[in-house]
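In my numbering, the protein residues as written are 5 to 218. Virtual Cβ for every residue (Gly too), placed ideally from N, Cα, C. Have a look at the structure below before the remarks.
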Ligand code: SF4
């Protein structure tokens, strides 16, 4: 399930403690790994700093694209659907040169799922907009074009994690991340005005359609 659309699930997560912190799968770039297509962390290494600093939170990083394609690499994007459609064989993943990366991207997603199961993760915080890790908004076709198109949908790794019953939240879901932080730190008061990615004015204006995996 996408946690941003099912906040009641947050209350059902077990009580985290310093001795038994939540085991959380995180996108490698969110953990500061230099695993982006360009060999950087996209500047995301600080995005979860508040959560990672808590003794009740244990980050377990993985990068499905680096695992399957190496770093640096060309830019994968989904054509003809989202990650669920890729897994079902209805959509494909190509880079900006038109090379078909579908098989490799599915391999990377399967490796991420295997890692998540081995580590017995309890939820996942993943980088939005990625053809692998996206969960709220992803590109609709190649992003390296004069006018980039977007769609609501999930990346291929997210699709497999959701299918396996692992709850996913993106780094842009600020309302949900604040609610999670309140479970991790009883002294923390979530702000009233925090918004998830689908509640952001840009998303409401440009992508008003309901999320197909919500
Ligand atoms: S595949 Fe996921 S972990 Fe790897 S760079 Fe892209 S968003 Fe980050």
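Check: When burial is assigned at 16 or more other CB atoms within 10 Å of the CB, is residue 160 buried or exposed?
Finding: With 16 or more other CB atoms across the displayed protein chains lying within 10 angstroms of its CB, residue 160 is buried.
So which residues put a beta carbon under 5 Å from any heavy atom of ligand 1, going in chain order?
Counting every residue whose Cβ lies closer than 5 Å to a heavy atom of ligand 1, we get 31, 32, 33, 39, 40, 67, 69, 131, 134, 136, 137.
Check whether the Cβ atoms of residue 26 and residue 62 lie closer than 9 Å to each other. At a Cβ-Cβ threshold of 9 Å, residue 26 and residue 62 count as neighbours.
- Item | Beta-carbon contacts of residue 22 that lie in its chain and below 7 Å, excluding the five residues immediately before and after | 59, 60, listed in sequence order.
From 10, 103, 40, residue whose alpha carbon lies closest to that of residue 76: Among 10, 103, 40, the Cα nearest to that of residue 76 belongs to 40.
Review point. Residue 83 by DSSP, collapsed to three states: which one?
Key: Correct three-state label for residue 83: strand.
If you follow the alpha helix (DSSP H) that residue 70 is in, where does it begin and where does it stop? Taken as a continuous stretch (DSSP letters only), the alpha helix (DSSP H) holding residue 70 covers 68-73.
Point to revise | Boundaries of the beta strand (DSSP E) in which residue 27 is found, first to last residue | key: Element bounds for residue 27: 26-31.
For residue 8, which option in 129, 190, 154, 206 has the closest C-alpha, if you only look at C-alpha atoms?
Comparing Cα-Cα distances from residue 8 to each of 129, 190, 154, 206, the minimum goes to 129.
| task | Would you mind reading off the limits of the alpha helix (DSSP H) that contains residue 160? | result | Counting along the chain, residue 160 sits inside the alpha helix (DSSP H) bounded by residues 160-167.
Q. For the stretch 149-168 against the stretch 183-199, are there 3 or more C-beta pairs whose distance is under 8 Å?
A. They do not touch, by the three-pair rule.
Below 6 Å CB to CB, which residues in the same chain sit around residue 73 once its five sequence neighbours on both sides are set aside? Cβ neighbours of residue 73 beyond the five flanking positions: 108.
From this set, 138, 78, 190, which residue's C-alpha is nearest residue 98's C-alpha?
Among 138, 78, 190, the Cα nearest to that of residue 98 is on 78.
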